[in-house]
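In mature numbering (1 follows the signal peptide of the UniProt record, and there is no 0), the protein residues as written are -27 to -1, 1 to 553.
Note that beta-carbon positions come from the ideal geometry of N, C-alpha and C, so glycine has one too.
All of these numbers come straight from a predicted model, not from anything done at the bench.
Presented below is the structure to which this report refers.
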């Protein structure tokens, strides 16, 4: 499309300036095209070969690279028997909700043999995000990193690293995850757990048959490396540490933070964290495990209590740069926290602070238009008539809810229903703003633990400033819940344990430099308070990023109405939007 620019200059000068400015704009913002073919591939891990769903035959999938301000166009073609959607986790999708990806929320799935083009612009974001399938449990193998570089000429707010390395954590199942979730829903019980964790798709030497499938990072003495960490695991929060090295946290969820240094960090499913690792100044004559293991407070219950390890190895002076692992060197292992160390998690998350500088301000809403209080946790549903279940009792099945509403996804997309004005019979606009059932949330659970099922949205006028408190409950035990909000970043202004105190707790809120992110853990047996500005029209999913809890109904959606100005309105749907 032609661009006309006029600056009131003499014609030759005006033409020259226009040409130069156009070149500058083109250099700083480009359109990047990707072709993602969803296809089956045979992958061998843990002594066995599985046929898994992949993008372009790669596991994990290809990294998507862009710069802040770029337009990204991804043509996704479905060549498998499953319906598919992809979600660009953390991308704001300003006015482009049709490209967000959650099935039956912003789009109908891409059916077998069909294609859909995801078209969005990366606005005001730089750092590490990720993409993944957003239907059923397909994201077990369908995921990859999104690397957003700053605009040309804009440096990092820290010393540039020698090298940047994506480190993506995942889970591996010997079983077909679609069969795992189907069986859980059929029996009403908890799903089977994964068999291993992975780093960049590799389980590493602590699992059977996996020494050859180990992620290895070769470093040079004295150099600094930026690890772009992504937790793509389905159901596990993870501790991560590199033996005998420290990690300096500089960014979470594609937002810079005040740097701080730790030996170990916690990263929840859906979250990203950029850390700087500075290699020792000399050749150490040793190798070092890069290890991750789960954080879990499930009681009773089971989880994948194993450890994945990669290996950090140093380049020998005078040796070639290609990895040549020396098994005769000492191999050091990091000491990770106990699996249920909530105190460590709290200590780590309390250190996260926005930069809050003129260049990277913390635009936390100081005044609030609407306040909401959501309970977040597990519950039950009765078994179907004349059947028994494998839930908490043989007469109940596992469920989960927000404010006691377990979201049932419709058979058509919520966003399309809203845009066309045909919501009747699809969704209601009466999601409860406070819990339907009030009780001592962190005390003895109520006798009736059943949840209600429904398809209800919470409606917000454009530009509403929102404060939301999310409260864990004791129903079926305390558990940490990583909550992800689509379409927005939010500020984590407060958190604590026990029941939220609406009178006294707000006085402790951090409104100066709270961390800004898109996924936050609701503390086990506690609460978290967030604020955000509803400046993005559309229907936006919010859900627990533990896939088992989302499956059970721990999910809801916000409907943000159009504003009055043209640039405050949802764009019309693309012509190739999939049909249900």
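Exercise. State yes or no: is the C-beta of residue 494 within less than 8 angstroms of the C-beta of residue 322?
Key: Against a cut-off of 8 angstroms, the Cβ pair of residue 322 and residue 494 comes out as a contact.
Exercise. Could you name each continuous beta strand (DSSP E) segment of 3 residues or more that falls completely within the segment 78 to 140, going from the start of the chain to the end?
Key: Within the segment 78 to 140, the complete beta strand (DSSP E) runs of at least 3 residues are 88 to 94, 100 to 106, 116 to 122.
Exercise. Using a threshold of 8 angstroms, state whether the C-beta atoms of residue 14 and residue 25 are closer than that.
Key: Residue 14 is a Cβ neighbour of residue 25, given a cutoff of 8 angstroms.
Exercise. On a CA-only basis, which of 192, 190, 194, 171 is nearest residue 183? Give me that one, please.
Key: Comparing alpha carbon positions, the residue from 192, 190, 194, 171 closest to residue 183 is 171.
Quiz prompt | Local conformation of residue 390 per DSSP, three classes | solution = Helix.
Quiz prompt | With 16 other Cβ atoms within 10 Å as the buried cut-off, status of residue 359 | solution = Using a 10 angstroms sphere on the CB of residue 359, the tally of other CB atoms stays under 16, which defines it as exposed.
Practice problem: Assign residue 316 to one of three DSSP states: helix, strand, or coil. | Solution: In the three-state DSSP reduction, residue 316 falls in the helix class (H, G or I).
Practice problem: Report the rounded CA-to-CA distance for residue 277 versus residue 28, giving the unit in angstroms. | Solution: Cα-Cα distance, rounded: 26 angstroms.
Exercise. Using beta-carbon positions only, say whether residue 363 and residue 161 come within less than 8 angstroms of one another.
Key: Against a cut-off of 8 angstroms, the Cβ pair of residue 161 and residue 363 comes out as a contact.
Quiz prompt | Close-in-space but distant-in-sequence residues of the same chain around residue 541 (CB under 7 angstroms, 5 per side omitted) | solution = Cβ-Cβ distances below 7 angstroms link residue 541 to 435, 510, 535 in the same chain, with the five nearest sequence neighbours on each side left out; the list follows chain order.
Quiz prompt | Pairwise C-alpha distance: residue 31 and residue 632 | solution = Because the chain here runs from -27 to 553, residue 632 falls outside it and cannot be looked at.
Self-check item: Buried or exposed (CB count within 10 angstroms, at least 16 for buried), residue 377
Solution: Classification for residue 377: buried.
Self-check item: Distance between residue 75 and residue 551 (C-alpha atoms, nearest Å)
Solution: Residue 551 and residue 75 have their C-alpha atoms spaced approximately 12 angstroms apart.
Self-check item: Neighbourhood of residue 232 by C-beta distance below 7 angstroms, restricted to the same chain and skipping five residues each side
Solution: Sequence-distant Cβ neighbours of residue 232 in its own chain, meaning closer than 7 angstroms and more than five residues away, are 131, 221, 222, 223.
Quiz prompt | Runs of beta strand (DSSP E) wholly within the segment 433 to 514 (minimum 3 residues, chain order) | solution = Entirely contained in the segment 433 to 514, the beta strand (DSSP E) runs reaching 3 residues are, in chain order, 437 to 445, 454 to 458, 463 to 470, 492 to 495, 499 to 507.
Quiz item: What is the DSSP secondary structure of residue 71, counted as helix, strand or coil?
Solution: Looking at residue 71 - three-state DSSP - the assignment turns out to be helix.
Quiz item: Taking the beta strand (DSSP E) that residue 369 falls in, what are its first and last residues?
Solution: Judged by DSSP secondary structure, residue 369 falls within the beta strand (DSSP E) whose first and last residues are 369 to 375.
Self-check item: Cβ distance (whole Å) where residue 77 is taken to contact residue 383 below 8 angstroms
Solution: The beta-carbon separation of residue 77 and residue 383, rounded to 6 angstroms, stays under the 8 angstroms limit for a contact.
Exercise. Give me the Cα-Cα distance between residue 204 and residue 241, rounded to the nearest whole angstrom.
Key: Near 6 angstroms, if we compare the C-alpha coordinates of residue 241 and residue 204.
Quiz item: residue 213: which of 181, 264, 249 sits nearest, CA to CA?
Solution: The option with the nearest alpha carbon to residue 213 is 264.
Quiz item: By the 10 Å Cβ neighbour count, where 16 or more other Cβ atoms means buried, how is residue -6 classified, buried or exposed?
Solution: Interpretation of residue -6 is limited by its pLDDT of 39, a score under 50 that renders its predicted location unreliable; the figure taken from the coordinates is listed afterwards. The residue is exposed, with fewer than 16 neighbouring Cβ atoms inside 10 Å.
Quiz item: Exposed or buried, residue 247, counting other C-beta atoms within 10 Å across all chains shown (16 or more means buried)?
Solution: It is buried - the Cβ of residue 247 has at least 16 other Cβ atoms within 10 Å.
Quiz item: Using the C-alpha atoms, what's the distance from residue 201 back to residue 192?
Solution: Distance between the alpha carbons of residue 192 and residue 201: 15 angstroms.
Quiz prompt | Bridge partner(s) assigned by DSSP for residue 6 | solution = DSSP links residue 6 through a beta bridge to 46.
Quiz item: Got a sec? Which residues, its chain only, sit under 7 angstroms from residue 484 by beta carbon, not counting five neighbours each side?
Solution: Take residue 484, set aside five residues on each side of it, and the residues of its chain with a beta-carbon closer than 7 angstroms to its own are 337, 339, 466, in chain order.
Quiz item: For residue 53, which residues from the same chain have a beta carbon less than 8 angstroms from its beta carbon, with the 5 sequence-adjacent residues on both sides left out?
Solution: The answer, listed in chain order, is 11, 12, 13, 26, 85.
Practice problem: Output the boundary residues of the alpha helix (DSSP H) element that contains residue 235. | Solution: Note, residue 235: premise wrong, no alpha helix (DSSP H); beta strand (DSSP E) at 228 to 235.
Exercise. Measuring only between beta-carbons, confirm whether residue 319 sits less than 8 angstroms from chain C.
Key: Of the chains in the structure shown, none is chain C; there is only one protein chain.
Quiz item: Which residue comes first and which comes last in the alpha helix (DSSP H) that contains residue 522?
Solution: It spans 520 to 525 - the alpha helix (DSSP H) in which residue 522 sits, taken as one unbroken run.
Quiz item: So residue 366 and residue 355 are in contact, right, with Cβ under 8 angstroms, and what is the actual spacing, rounded?
Solution: The Cβ separation is near 10 angstroms, so there is no contact.
Self-check item: Bridge-paired residues (DSSP) for residue 16
Solution: Its beta-bridge partners are 23.
Quiz item: When DSSP labels each residue in this structure, what does residue 153 get in the three-state scheme?
Solution: DSSP places residue 153 in the helix class (H, G or I) of the three-state scheme.
Quiz item: Of all the beta strand (DSSP E) runs that stay within the bounds of the segment 147 to 206, which reach a length of 3 or more residues?
Solution: Fully enclosed beta strand (DSSP E) runs of 3 or longer: 169 to 172, 189 to 192, 197 to 204.
Quiz item: At what residues does the beta strand (DSSP E) containing residue 426 begin and finish?
Solution: Residue 426: member of the beta strand (DSSP E) spanning 425 to 427, first to last residue.
Quiz item: Can you find at least 3 beta carbon pairs, one from the segment 66 to 73 and one from the segment 111 to 124, that sit closer than 8 angstroms?
Solution: No contact exists between the segment 66 to 73 and the segment 111 to 124.
Quiz item: Taking all protein chains shown into account, do 16 or more other C-beta atoms lie within 10 angstroms of the C-beta of residue -3, making it buried, or fewer, making it exposed?
Solution: Bear in mind that a pLDDT of 42 at residue -3, under 50, signals an unreliable position, so the model cannot answer this.
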